[in-house]
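Residue numbers (this note's numbering): 815 to 1081.
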């Protein structure tokens, strides 16, 4: 196959599934992660990964590497809005932060830390418009001040900084970073919420646009090699906004979190 090797997290539904279909139609070699591959036409492209479990993420990377898969593009798309009450994973991190941000930091770090050729790798980070509301405090969420919305917004904020952190950490590699906000569309992002809330969302979802348009826009950005890491690109072609800037506080926070993940993943 002459196409690019593309890894899409959360590629079994919503935006990720649409992206997988578009890239596959172009002749690219696509791998998708998720917890249920029933929606994936080519089962060989499905890699099981539960992003609420760091060991599962590590096993997914090991599977990719053992199969000889070396990504040209990593699309960090998997995400959720967590439970209504403060909930931690078995790794001890707040649920939304781990799924949306921390596991992506681990996944990319493991793949980039693998010896390989000197080809350029594009890291794509899918955020949400709510990242712009964040006033970062550079600490993990705690139970006393927990807010579902705040945890989600912060996770999407720090996900954007992950690309800058990794580009600096792996300065010897040829990395490009693309940051993308698809906007509002119907998805399964509220699956962890209470039944009543999910029912209301299901009703509202019928009036929302689907993931097709943002998926096509992201493919267009990638095809045209548009990836200024200081910007967050939007679904509407002429619009972009400033990305969060890496500073000493954010760099130190991500470094300490990176070290913590490396300790957790060994146990």
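All residues carry an ideal CB built from backbone N, CA and C; glycine is no exception.
By how many angstroms is the C-alpha of residue 888 removed from the C-alpha of residue 933? 14 Å
What does the alpha-carbon distance come out to for the pair residue 822 and residue 1044? 22 Å
Is the segment 905-915 in contact with the segment 875-888, if contact means three or more CB pairs nearer than 8 Å? no
On the criterion of 16 or more Cβ atoms from any shown chain inside 10 Å, does residue 1038 qualify as buried, or is it exposed? exposed
Just the C-alpha distance for residue 1057 and residue 861, rounded to the nearest angstrom, thanks. 30 Å
Proximity of residue 997 and residue 1049 at Cβ, strictly below 8 Å: yes
Residues in the same chain with beta-carbon distance under 7 Å from residue 962, minus the five sequence neighbours each way, listed in chain order, please. 895, 896 and 898
From 937, 965, 850 and 865, residue whose alpha carbon lies closest to that of residue 947: 965
With 16 other Cβ atoms within 10 Å as the buried cut-off, status of residue 848: buried
Please go through the same chain and pick out, in chain order, the residues whose beta-carbon is closer than 6 Å to the beta-carbon of residue 957, but skip the five residues on each side of it. 900
Given a threshold of 16 other Cβ atoms within 10 Å of its Cβ, counted over all protein chains shown, does residue 939 qualify as buried or as exposed? buried
First through last residue of the beta strand (DSSP E) which encompasses residue 995: 989-995
Verify whether the separation of the beta carbon atoms of residue 819 and residue 886 is less than 8 Å. yes
Spatial distance of residue 995 from residue 1053 (CA atoms): 10 Å
Only counting runs of 4 or more residues, tell me where the alpha helix (DSSP H) segments fall wholly within the segment 901-974, in order along the chain. 917-926
Using the C-alpha atoms, what's the distance from residue 1076 back to residue 1070? 10 Å
Given residue 1082 as reference, the closest of 864, 950, 1042 and 1073 once Cα atoms are compared: Here the chain has residues from 815 to 1081 only, and residue 1082 is not among them.
Please name the residue in 840, 909 and 884 whose C-alpha comes closest to that of residue 865. 909
Neighbour-count burial assignment, residue 1025, 16 or more Cβ in a 10 Å radius: buried
Alpha helix (DSSP H) containing residue 879: first to last residue? 868-880
Just to confirm the assignment, what range does the beta strand (DSSP E) spanning residue 1056 have? 1054-1056
Per-residue burial, residue 922 [other beta carbons within 10 Å of its own, 16 or more giving buried]: buried
Buried or exposed (CB count within 10 angstroms, at least 16 for buried), residue 942: buried
DSSP beta-bridge partners of residue 1047: 994 and 1054
Buried/exposed call for residue 929, threshold 16 Cβ in 10 Å: exposed
Helix, strand or coil for residue 844 per DSSP? strand
CA-CA distance, residue 830 and residue 824? 6 Å
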